[in-house]
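The numbering of the sequence shown is the working numbering, which starts it at 411 and goes up by one.
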Amino acid sequence: MLERFHRENPGVGIFVRSSTRTFQDQRKIWNDKWDGTVLVNGVNLRKSIADPGKRAREILRYSSMPGTSRHHWGTDVDFNSLANSYFGKGKGKVIFDWLCAHGAEYGFCRPYTEGRQSGYNEEKWHWSYSPAAKIFLADWNKFVSGKAGTDAGAQFHGAREAWPLASLYVNSINEDCR
């Protein structure tokens with residue numbers, strides 16, 4: 411897929427910015443945002459949002475809680491930039507338009523599209539290899555969904571408040587990725 415993109419778009423660089431993440435990787439991302447070590451949109455959430463449920467929902471706008479990230483499955487990649495605006499103009503738009511036109515030919519779909527009723531915000535950078543991801547999604551729903559307070563749900567900051575939302579966020583995806 412990337413070879414074809416480069417052939418058809420010389421001078422436009424496309425690269426994988428992020429791919430597989432372990433539970434520990436995702437826990438660090440989550441906990442750092444929860445604790446205020448990493449700012450979210452320039453804001454220390456620990457200082458600005460005292461209510462744990464509201465803090466969890468703020469993090470969930472763009473970050474998965476540990477045990478729920480599609481990146482755990484090894485099926486999902488983030489291309490070039492983690493800003494939707496990048497894909498609205500210039501080389502970013504070339505990349506996004508090409509992936510929208512040709513990604514499905516290679517088995518890729520975009521799970522976090524605009525217009526879904528719930529779940530994560532739109533992520534133009536996030537693409538999923540659907541033949542494998544669909545299997546993992548079914549397995550996640552069979553084995554993990556609804557097990558609040560166990561395993562993954564007990565191993566990160568704010569888990570008690572966040573974990574009940576896990577199934578909603580994991581399953582609120584574009585129908586092409588189901």
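Cβ atoms here follow ideal geometry from the backbone N, Cα and C, with glycine treated the same way.
Mind checking whether residue i and residue j have CB atoms under 8 Å apart?
| i | j | result |
| --- | --- | --- |
| residue 465 | residue 455 | yes |
| residue 436 | residue 491 | no |
| residue 539 | residue 506 | no |
| residue 587 | residue 543 | yes |
| residue 419 | residue 535 | no |
To the nearest angstrom, how far is the alpha carbon of residue i from that of residue j?
| i | j | result |
| --- | --- | --- |
| residue 428 | residue 487 | 6 Å |
| residue 572 | residue 425 | 32 Å |
| residue 575 | residue 421 | 42 Å |
| residue 500 | residue 532 | 19 Å |
| residue 541 | residue 458 | 41 Å |
| residue 415 | residue 497 | 15 Å |
| residue 547 | residue 553 | 10 Å |
| residue 504 | residue 584 | 22 Å |
| residue 365 | residue 430 | Lying before the first or after the last residue shown, residue 365 is absent from the chain, which here runs from 411 to 588. |
| residue 462 | residue 514 | 39 Å |
| residue 577 | residue 530 | 12 Å |
| residue 516 | residue 411 | 7 Å |
| residue 417 | residue 565 | 45 Å |
| residue 502 | residue 432 | 28 Å |
| residue 545 | residue 551 | 10 Å |
| residue 528 | residue 413 | 35 Å |
| residue 452 | residue 494 | 17 Å |
| residue 442 | residue 472 | 14 Å |
Please determine whether the Cβ atom of residue i lies at a distance below 7 Å from any heavy atom of the ligand MG.
| i | result |
| --- | --- |
| residue 535 | Within the structure as shown, the ligand MG is missing, as the structure has no ligands at all. |
Among the options, which residue has its Cα nearest to the Cα of residue i?
| i | options | result |
| --- | --- | --- |
| residue 447 | 533, 567, 461 | 567 |
| residue 398 | 534, 553, 525, 565 | Only positions 411 to 588 of the chain appear in the structure, and residue 398 is not among them; the question remains open. |
| residue 569 | 552, 480, 470, 485 | 470 |
| residue 423 | 528, 481, 580, 489 | 489 |
| residue 523 | 537, 516, 511, 512 | 537 |
| residue 482 | 509, 467, 549, 529 | 549 |
| residue 477 | 586, 584, 587, 580 | 580 |
| residue 445 | 516, 432, 460, 433 | 460 |
| residue 479 | 534, 521, 417, 527 | 521 |
| residue 467 | 433, 440, 493 | 440 |
Once DSSP output is grouped into helix, strand and coil, what is the label at residue i?
| i | result |
| --- | --- |
| residue 559 | Caution applies to residue 559, whose pLDDT of 47 falls short of 50 and renders its modelled position unreliable; the model cannot decide the point. |
| residue 504 | helix |
| residue 530 | coil |
| residue 415 | helix |
| residue 553 | helix |
| residue 516 | helix |
| residue 522 | coil |
| residue 580 | helix |
| residue 422 | coil |
| residue 537 | strand |
Runs of alpha helix (DSSP H) wholly within the segment 428-501 (minimum 4 residues, chain order): 433-445, 455-458, 462-469
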